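J.:
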Amino acid sequence: MSEQRIKLAIQKKGRLAEKSIDALKRCGVEVDTYSARLMVPAKNYPLDLLLLRDDDIPEYVQDGVADLGVVGENVLYEKGADCEVTRRLGFGGCRLMIGIPENEDLEEPAGLRGKRIATSHPNLLKKYLTDNGVEARVVSLSGSVEIAPSLGVADAICDIVSTGNTLTFNKLKKSLVVFESEAALVANRESLKAKRAEIDELLDRIDSALASKRSKYLMLNAPKDRIDEILEIVPALDSPTVLSLADDKFVALHAVIPTKTFWEIRRRLQEAGATGIIILPIDNIIV
Ligand code: ATP
Ligand code: MG
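The opening residue of the sequence shown carries number 1 in the numbering used here; numbering runs sequentially from there.
1. Which of the three DSSP states is assigned to E180 in this structure?
2. For T275, does the count of other Cβ atoms within 10 angstroms reach 16, so buried, or fall short, so exposed?
3. Using only CA atoms, which one of D54, G28 and K12 lies nearest to Y45?
4. By DSSP's criteria, R267 is part of a beta bridge. Which residues make up the other side?
5. So, is N170 buried or exposed, given that buried needs 16 or more other C-beta atoms within 10 angstroms?
6. Based on Cα-Cα distance, which residue from V138, R26 and L141 lies nearest to D204?
7. Taking buried to mean at least 16 other C-beta atoms within 10 Å of its own C-beta, is G69 buried or exposed?
8. Can you give me the Cβ contacts of I286 inside the same chain, cut-off strictly under 8 angstroms, excluding the 5 residues immediately before and after it?
9. Taking Q270 as the reference, give the member of T241, M219, S244 and T33 with the closest Cα.
10. Kindly examine the ligand MG and report whether one of its heavy atoms sits closer than 7 angstroms to the Cβ of D159.
11. May I have the straight-line CA-CA distance separating H121 from E108, to the nearest angstrom?
12. Given a threshold of 16 other Cβ atoms within 10 Å of its Cβ, counted over all protein chains shown, does K193 qualify as buried or as exposed?
13. Taking C-alpha atoms, which residue in C158, I257 and V134 lies nearest to I140?
14. Give, in chain order, every unbroken run of the beta strand (DSSP E) that is at least 3 residues long and sits entirely within the segment 22–57.
15. Quick one: grab the DSSP three-state call for T86.
16. If I measure Cβ to Cβ from S215 and keep anything under 7 angstroms in the same chain, skipping five residues before and after, which residues do I get?
17. In three-state DSSP terms, what is F169?
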């Protein structure tokens, strides 16, 4: 049977565009996206990229125009498209939050009762209100939500917030978190069956790339008589490698460690006599 090509939809321009291409690169898939074309074949993989507005991606994947798509979970769940979320991709993280006038207070969802809330995510907001048993008016806008309170069309807003600078500029402040989102790889349900082998190969590569991002390669030298103490500190994924050195009072230790733990253990390693501590990024871990 000949190999089938996968159609993968990603955002053409915007916050997820470059990161989606980077993620593919880490999976060994090279794509040249400098053209104005809608569909671009990968150079070294049986895959075609569809470059789209992010809003259209869930529906295109649902309908099978694309087999796979990279899209923010906020957009996916807002659109309510029927696709399978195969992986969360660890980038494009953001929060959908309630913003309120800076001189007001809001401690819990009940405080929204009877308010008018402007948002471009009406479905996610309605679900949040229903889940919390709150009746409020949802004012659906397609953009520039943050100016709604000063125009008098809303009492509060529900919008994607990162730094909060846009809120501050509009005399608003962050309040409750409605939804936490990151980019996800979604799949068409039929394609998952019809192109199982091709999709599985890509998912394996994604898993390796995600694992390598979560890990670092640690190298250090340690006084031989303190190596047990140092081994206790190192949260290695597998058993660390201990190597002898020309100076027999010292040994070298190599280990793969979770990225997030390095800063926590660095001082303890130094206190236990470790020197020449080197931390390296990992290109790939075959999982
Ligand atoms: P398009 O032209 O494709 O419709 P857009 O303007 O709707 O683009 P972007 O602003 O590029 O979309 O955001 C794409 C996605 O990036 C969002 O849906 C969200 O999942 C994610 N994201 C991450 N951080 C932020 C942020 N600070 N603000 C808005 N979206 C963010
Ligand atoms: Mg959009």
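The beta carbon of each residue, even a glycine, is placed where N, CA and C say it ideally should be.
Please read all numbers here as calculations on a predicted model, not as lab measurements.
T.: Walking through what the data contain:
1. strand
2. exposed
3. G28
4. Per DSSP, none; premise fails for R267.
5. buried
6. R26
7. buried
8. S208
9. M219
10. no
11. 20 angstroms
12. exposed
13. A quick correction: the sequence has Ser, not Ile, at residue 140. The candidate whose alpha carbon is nearest that of S140 is C158.
14. 39–41 and 47–52
15. strand
16. L237, V256, I257, P258, T259, I282 and I285
17. helix
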